[in-house]
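Engineer:
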Amino acid sequence: MVVAGGLGMAGCGSASPNPSSSNPWPPLKTLSPFPFGAAAPSAYLDDPDWVELAQSHLSQITPEWELNREYIAQEDGSLRFDAPDRLAAFCRQNGIRFFGHCLVWYAQIMPYFRGLDASLFAAEYDRYIQVVMRRYAGQMVGWNVVNEAVAEDGGGLRDCLWSERLGGGVAYIRRAFEQARLADPAALLFLNDYNLENNPAKGATFLKLVEKLLKLGTPIDGIGCQSHLDLDIADGQIRTFLRNASDLGLRIHISELDASLRRDDGKPDLRNLDYKIARQRALITELTQAFLDLPASQQFGFTTWALRNRDSWLRRPPRGDGRDSMVFLNDHGQPTAMYDAFATVVTHQVKRQTA
Ligand code: XIL
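Just so we're aligned: 85 in numbering that gives the first Met the number 0 is position 86 of the sequence shown, and the numbers increase by one with no gaps anywhere.
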C-alpha cells in the first residue's frame, strides 16, 4: 500500500489538512494482524483529537510514566493512582487492552526505601508490587515487571539499589517476577529493555539473562523489546535479534517503538531528509516482516511510544526541536512514512495468507 500525498512532508509534521472524521486511511488496529498500541499520559484524555484517534487506531494503551514509581510513589511511602486509574477507565470504556509499565526500574527508586533495614526493605519491595498489580488485576493484560536490567554496554547486569539490597545478581529480578505472578496470576509478565537489536552484544546478554531466569524457574512470559530505533541499525540486525529471541518460546512485545530523525550522540548530522525517511521505511519494513515471521502465538503486539509525533517524549525539552517525526501518525493524525511501510507489509501478508 502506498498512501497518497507527500508522505515525506507528512512524516515531518509539516502543515497538512486536519483529516478528522473523513480520514481515508485504515485505522492501525484494523490493519494490524496483532494488537497495536501506544503509550500516553492521562492528560491526553483531555485532548478530543487524541481521544478520537486513540479510539480509532489503538487496541492497547501503556501509561507513559504514570505507572512508574516517579508518579505513584510519594515521599512518605504512600501511593497515588489517580492518573493511571483514568487511563484504565478509558481503556475499559473503549474495549482497549491496558498494559503496565513498569514495576521495577533501576532508574526509579523511592527515597523512602533507602532508610529501610534489610527485612523491611524486602517486605516493602514485595508490597509495592502486590499493591500496584492487584489494583489492576483482571484488567491488565501484561506488565513490564523489570525494566532495563542489562548494562548500557551490554557487558553484564546493572548495579542498582534493588540488586544491592536484595542479594545481588538476578535475585531482585526473580523476586519481582515471583511477586508479580502471585499478585495477578492472569497478567503476562515481561522483561523489558532497549538497544537489543541496535547493540548485538546487549541483545545477547539480555537473551542469556532470560534463559538463566527461565532455568531458575522464574515466571516470565514475554520479552519486551523497546525498539527506540536508531536509523543506522545495520540491515538484518533487527531480524536476527527477533529470530534469536523467539527461540526462547516466549511472547515478544515491540514495546516502545519509535525511530527519531535526529541523532542523539551530539555529532553533526549530515544525513539528508530523504535518506532518513528511506531508513525509517527500511527499519519498519524489516521489523514488521520479521515480527510476522514469528509463530503467531509469540506475536504479543506493537506499542509505539506515542500516537502522534507531537505526543512523543522525543519532541519534549530537552530533546526535541519540534520537527522530528518518529511514529506512525504526524501532528495532524495523518500517516507518516512509518505508517505507510507498516501498512505495506501487513497488507501483503494478509493477501499472501488469503491467496
Ligand atoms: C520515558 C517517557 O516517555 C518520558 O516521558 C518519561 O519522563 C521518562 O521515560 N525507556 C523506558 C520508558 O522504559 O519509560 C522511557 O519513557 C523511554 C526509555
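Glycine included, each C-beta is placed from N, C-alpha and C at the ideal position.
By Cβ distance below 8 Å, which residues in the same chain neighbour G168 in space, the five residues on each side in sequence not counted?
Structural biologist: Counting from one through the sequence shown, the residue named residue 168 turns up at place 169. If we look at G168 and ignore the five residues flanking it on each side, its Cβ neighbours are L156 and S162.
Engineer: Assuming I108 contacts Q178 under a Cβ cut-off of 8 Å, what Cβ separation, rounded to an integer in Å, is found between them?
Structural biologist: Within the sequence shown, residue 108 is the residue found at index 109, counting from 1. Within the sequence shown, residue 178 is the residue found at index 179, counting from 1. Contact flag wrong, Cβ pair sits at about 17 Å.
Engineer: Taking only three categories from DSSP, how would you classify R307?
Structural biologist: The residue you call residue 307 lines up with position 308 of the sequence shown. R307: strand per DSSP, three-state reduction.
Engineer: Any heavy atom of the ligand XIL inside 8 Å of the beta-carbon of L133?
Structural biologist: Start at 1 with the first residue of the sequence shown, and residue 133 comes out as number 134. Correcting the residue type first, residue 133 is Arg in the shown sequence and not Leu. No - the ligand XIL has no heavy atom lying nearer than 8 Å to the Cβ of R133.
Engineer: If we count the other Cβ atoms within 10 Å of its Cβ and call it buried at 16 or more, is T353 buried or exposed?
Structural biologist: On the sequence shown, residue 353 is found 354 positions in, with the first residue counted as 1. So T353 ends up on the exposed side.
Engineer: Between the Cα of I232 and those of R126, A258, I253 and S311, spot the shortest distance and give me the residue it belongs to.
Structural biologist: Position 233 of the sequence shown, counted from the first residue, corresponds to residue 232. Per the Cα distances, A258.
Engineer: For the stretch 74-126, list the alpha helix (DSSP H) runs that are entirely contained and at least 4 residues long, ordered along the chain.
Structural biologist: The stretch 74-126 contains these whole alpha helix (DSSP H) runs: 81-93 and 110-113.
Engineer: First and last residue of the beta strand (DSSP E) that includes Q59?
Structural biologist: Here residue 59 refers to the residue found at position 60 when the sequence shown is read from its first residue. Q59 to P62 is the extent of the beta strand (DSSP E) around Q59.
Engineer: State the CB to CB distance for the pair I219 and L213, rounded to an integer number of angstroms; the pair is presumed to be in contact (CB under 8 Å).
Structural biologist: Taking the first residue of the sequence shown as 1, we reach residue 219 at position 220. Taking the first residue of the sequence shown as 1, we reach residue 213 at position 214. The Cβ separation is near 6 Å, so the contact holds.
Engineer: So what's Q348 in DSSP terms, helix, strand or just coil?
Structural biologist: As a position in the sequence shown, residue 348 is number 349, starting the count at 1. Here Q348 sits in helix by DSSP.
Engineer: Compute the minimum distance between the beta carbon of Q225 and the heavy atoms of the ligand XIL, and state whether it is under 8 Å.
Structural biologist: Working through the sequence shown from its first residue, we reach residue 225 at position 226. Yes, since a heavy atom of the ligand XIL falls inside the 8 Å radius drawn around the Cβ of Q225.
Engineer: In or out: P267 buried (at least 16 other Cβ within 10 Å) or exposed?
Structural biologist: Taking the sequence shown and counting its residues from 1, the one referred to as residue 267 is at position 268. By the neighbour-count rule (16 or more Cβ atoms within 10 Å), P267 is not buried but exposed.
Engineer: In whole angstroms, what separates the C-alpha of P334 from that of T302?
Structural biologist: Taking the first residue of the sequence shown as position 1, residue 334 is located at position 335. Taking the first residue of the sequence shown as position 1, residue 302 is located at position 303. Near 16 Å, if we compare the C-alpha coordinates of T302 and P334.
Engineer: What residues in its chain sit with their C-beta under 6 Å from that of A200, if we drop five residues either side in the sequence?
Structural biologist: As a position in the sequence shown, residue 200 is number 201, starting the count at 1. The answer, listed in chain order, is G153.
Engineer: Whole-angstrom Cβ separation of Q297 and I251, contact assumed at under 8 Å?
Structural biologist: Start at 1 with the first residue of the sequence shown, and residue 297 comes out as number 298. Start at 1 with the first residue of the sequence shown, and residue 251 comes out as number 252. Indeed, because the Cβ distance is near 5 Å, the residues count as touching under 8 Å.
Engineer: According to DSSP, simplified to helix, strand and coil, what is P317?
Structural biologist: For this step, residue 317 is matched to residue 318 along the sequence shown. Coil, per DSSP.
Engineer: How would you label T204, buried or exposed, when you count the other beta carbons within 10 angstroms and need 16 or more for buried?
Structural biologist: As a first step, residue 204 is located in the sequence shown; it is residue number 205 there, counting from the start. Buried, since its Cβ has 16 or more Cβ neighbours within 10 Å.
Engineer: Can you round the beta-carbon distance between Q279 and L230 to whole angstroms, since I take them to be within the 8 Å contact cut?
Structural biologist: The residue labelled residue 279 in the question sits at position 280 within the sequence shown. The residue labelled residue 230 in the question sits at position 231 within the sequence shown. The pair is a contact, with the Cβ atoms about 7 Å apart (cut-off 8 Å).
Engineer: Reducing DSSP to helix, strand and coil, say where W24 ends up.
Structural biologist: As a first step, residue 24 must be located in the sequence shown, where it is residue number 25. Coil at W24, not helix or strand.
Engineer: Decide if the stretch 179-194 is in contact with the stretch 132-150; the criterion is three or more beta carbon pairs, one per stretch, under 8 Å apart.
Structural biologist: Touching, yes.
Engineer: What is the rounded straight-line gap between the Cα of R351 and the Cα of L181?
Structural biologist: Counting from 1 along the sequence shown, the entry for residue 351 is found at position 352. Counting from 1 along the sequence shown, the entry for residue 181 is found at position 182. If you take the alpha carbons of R351 and L181, they lie about 42 Å apart.
Engineer: If the criterion is Cβ atoms closer than 9 Å, does the pair M139 and F97 meet it?
Structural biologist: Within the sequence shown, numbered from 1, the residue matching residue 139 stands at position 140. Within the sequence shown, numbered from 1, the residue matching residue 97 stands at position 98. In this structure, F97 lies closer than 9 Å to M139 by Cβ.
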